[in-house]
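Trainee: Residue numbers (the numbering used here), protein chains in the order written: chain S, 1 to 359; chain P, 360 to 886. The beta carbon of each residue, even a glycine, is placed where N, CA and C say it ideally should be.
1. So residue 848 of chain P and residue 873 of chain P are in contact, right, with Cβ under 8 Å, and what is the actual spacing, rounded?
2. Quick one: which residues of the region 574-597 of chain P get their C-beta closer than 7 Å to a C-beta of chain S? List them in chain order.
3. Work out the CA separation of residue 680 of chain P and residue 688 of chain P for me, nearest whole Å.
4. Hey, could you find the ends of the beta strand (DSSP E) residue 624 of chain P is sitting in?
5. Ends of the alpha helix (DSSP H) at residue 170 of chain S?
6. For residue 532 of chain P and residue 744 of chain P, I'd like the C-alpha separation in whole angstroms.
7. Under a CB-based cut-off of 8 Å, is residue 336 of chain P close to chain S?
8. Do residue 210 of chain S and residue 614 of chain P come within 8 Å of each other at the CB atom, strictly closer than that value?
9. What would DSSP say about residue 235 of chain S, mapped onto helix, strand or coil?
10. Could one say the Cβ of residue 357 of chain S lies closer than 8 Å to chain P's Cβ atoms, at least one of them?
11. With 16 other CB atoms within 10 Å as the buried threshold, where does residue 622 of chain P fall?
12. Would the beta-carbon of residue 641 of chain P fall within 8 Å of that of residue 393 of chain P?
13. Using a threshold of 8 Å, state whether the C-beta atoms of residue 548 of chain P and residue 477 of chain P are closer than that.
14. Mapping the DSSP letters down to three states, classify residue 119 of chain S as helix, strand or coil.
15. Quick one: Cα of residue 362 of chain S to Cα of residue 15 of chain S, how far?
16. Taking Cβ-Cβ distances shorter than 7 Å, what residues in chain S pair up with residue 402 of chain P?
17. Taking residue 767 of chain P as the query, report the chain S residues whose CB atoms sit under 7 Å from its CB, ordered along the chain.
18. Excluding five sequence neighbours on each side, which residues of the same chain lie with their C-beta closer than 7 Å to the C-beta of residue 153 of chain S?
19. For residue 816 of chain P, count the other beta carbons within 10 Å of its own beta carbon; 16 or more makes it buried, fewer makes it exposed. Which is it?
20. Compare the Cα-Cα distances from residue 326 of chain S to each of S/219, S/253, S/125, S/81 and report the closest residue.
21. I'd like to know whether the C-beta of residue 624 of chain P is nearer than 8 Å to at least one C-beta of chain S.
22. For residue 279 of chain S, which residues in chain P fall below 9 Å Cβ to Cβ?
23. So that I know if they touch, is there some Cβ in chain S lying closer than 8 Å to that of residue 514 of chain P?
24. Apart from the five residues just before and just after residue 307 of chain S, which ones in its own chain have a Cβ nearer than 8 Å to its Cβ?
25. For the beta strand (DSSP E) containing residue 453 of chain P, list its first residue and its last residue.
26. Whose Cβ in chain P lies nearer than 8 Å to the Cβ of residue 210 of chain S?
27. Indicate the three-state DSSP secondary structure (helix, strand or coil) for residue 478 of chain P in the structure shown.
28. Closer than 7 Å, Cβ to Cβ, to anything on chain S: give me those residues from the region 796-822 of chain P, in chain order.
29. Out of P/518, P/867, P/396, P/883, point me to the one whose CA is closest to residue 639 of chain P's CA.
30. If you compare alpha carbons, which of P/729, P/709, P/429 is closest to residue 718 of chain P?
31. Run through DSSP, which three-state label would residue 576 of chain P get?
32. Return the Cβ separation of residue 734 of chain P and residue 782 of chain P in integer angstroms, given the expectation that the two are a contact with Cβ distance under 8 Å.
33. Leaving out five residues on either side along the sequence, give the residues of the same chain with a beta carbon under 6 Å from the beta carbon of residue 354 of chain S.
34. With 16 as the cutoff for other CB atoms within 10 Å, does residue 341 of chain S come out buried or exposed?
35. Would you kindly work out how many angstroms separate the C-alpha atoms of residue 265 of chain S and residue 172 of chain S, rounded to a whole number?
36. At the 8 Å Cβ level, is residue 119 of chain S part of the contact set with chain P, yes or no?
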């Protein structure tokens, strides 16, 4: 009985998260306590898993490595920004020197470089990135906290779409290897990979908003507003996942234990979805690490075209504005997301394939 | 399975405890709401600190200055706003403003002249580090205060007298001074509010204003809602709400315009103007602005005055504006059309034979003897089209080869300061509608003059002109200055003055279109 419950723990967690996502997609705002509880649940179970599998020293090592990586990224970004030509307050109408001096003083830009660096590093450690130069008086943490939710929503919906479309089509394609179904699915998959977002998104708007008038073209405020951006962002990873799954399933299908399962008389679908699939997900999982980080931090093109108040634009605009604090903020946030999602993916490896030993 | 069922019940339960998110309309009635697109998040609504046009658009609707443009006046004069009347004594060096006494802030506090003094103190205070502090450097001791050389603000030339009037003493005569007071950086402020809320004083729940509209909602990166201020001192706004979306992508915004989701879309892409111009909703209006090429007069061969003249005479501005096809007005003078002091006869006119003569006179009878010439612009589709056109014209009309180079905006600005290219693109939009705002750019002491050119006679004319009261005398001085700049010395080549293109839904009447690009919505009527 207890073993049965244990086996159910992971699917149950996934199910719970799906519930939350569907709620949010339908345009309901969660009470913040539920969000916090869920986060605690996810990290709690992760930590439980880490202890259970005795991964503690492995995790410590990875965290230390990550800290060093982040430190290196922070330093490099800081230096590169100072090398970049053109300063944050250069503009069409040149400012008089006394005004420039006051601004430099306010933002500590007149201090020697090493002082600026140490002040800045102190800020990084305490999660205080200072105030934006462009959005005068707004702390970077406020800007990020306000713009992340839309990006995360968009990212999660697209991610789910990508998995829901990608994995089944990959499995089906593999099971119909080289037959018509395979061909047609892979035709769509290759188109999906080949078509860039900046073509797909305007095409979707043209069709669904302009010609058919079924869906709104932009603004991010409810289920009907989510559909087009999620489609635009999700199809490409869906296509990639479909191709990865197909290749991997084909490989696993040929292995001995699958032949054993079949010879036991199990039905085709049980073999495919119970025995083959779980072991075929390793390449998809590898791909998911950077994908999750990429999708959660938003897509510049999709957010721009559909006017979504997310954080992706800051990646581009902060650089053209030379908004140093904001550049540092988004760079470190993205790096941290990437490192964390890769770490989680590595831990999940051992869940999906117990042969993989983490240590 | 049981577990799944349980979870589903929990999920449903908590869904019912959730609240629905805000809709895009914010519950506003369509017939009472003007829906516009301001493209981006306004960087700051703090009117002492912001410097961009998006913030200014919101500020101009929630706040007011002492005076306002009179767009009905062909010479673009001023009309009273917070000030009832004003006059100058001592040759335009001392200005006295009598303020209205029936103005109240939207929290009920009566407006006084001290609120203006507070605003100016904050603008000039070095710790505010406002980019527009220099706007008031004409006021006595203002720049010293801004540099921190004077700590006591009472030494700065702005006071409230016993009658409650605002008295401003300037460093020297400035006949255009009242025009500066149309700008948001000179608006009054409420120090008590700013002290109480710190940097957060501009959020809707904290901000205190006195304009025709109140700031009701500000959802960052998404939308701003303004609502009619019922305690406004003058005729109340005709349309109850302004809903300003922030939709960055112009093609998306046009789709929203065409499906009726927004009423107004400005900043139309020049490549699509041909199609959009045919729409009945299309409108355009001139803007007091200037698109020009500057030349580095210290970099050979442009140190040679005749080479500069040759290039200036070899460019047909009309060809460029015809190519752009957006209603831009070709110009050879420095002061743009629509502004006092404009004279279309000024400047180096297109004349290929004259251009060739000048080039020969410069010693380059054979144009291939010229050193390599760079023409630089900041990366942008329109700038590129213009640069390529000029490149072709110079080849065709003068036989000289120009290499065009582009750089990203901030790098480009850095380059103009450190190593100005032979020919560079720049623009200017009027801060206030006076020729001084344009001609001052090219004085030897201007930070915006990247040409390395300086001329004492020109500097003197500009300095003298601001102290002259009589309009005709001023006009004459500016004519002389333009002659030096665009005909005798030619460090710059004016190309055209700009236009704003806009789509306005037919249900919107009285949409403000003017040469200063000022968008005050209080007169807008929805049908």
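Mentor: Reading from the atomic positions:
1. That pair is no contact at about 33 Å.
2. 579, 580, 581
3. 7 Å
4. 623-625
5. 140-175
6. 43 Å
7. With chain P covering only 360 through 886, there is no way to say anything about residue 336 of chain P.
8. yes
9. helix
10. no
11. buried
12. no
13. yes
14. Here DSSP, grouped into helix, strand and coil, assigns residue 119 of chain S to helix.
15. This structure leaves residue 362 of chain S out entirely; chain S is present only between 1 and 359.
16. 134, 135, 136
17. 320
18. 24
19. When all chains shown are included, residue 816 of chain P counts as exposed.
20. S/81
21. no
22. Within chain P, no residue comes near residue 279 of chain S; the closest Cβ sits about 24 Å away, beyond 9 Å.
23. no
24. Closer than 8 Å at the Cβ level, and outside the excluded window around residue 307 of chain S, lie 218, 219, 220.
25. 453-458
26. 614, 617, 618
27. helix
28. 806, 807
29. P/867
30. P/729
31. strand
32. 4 Å
33. none
34. buried
35. 20 Å
36. no
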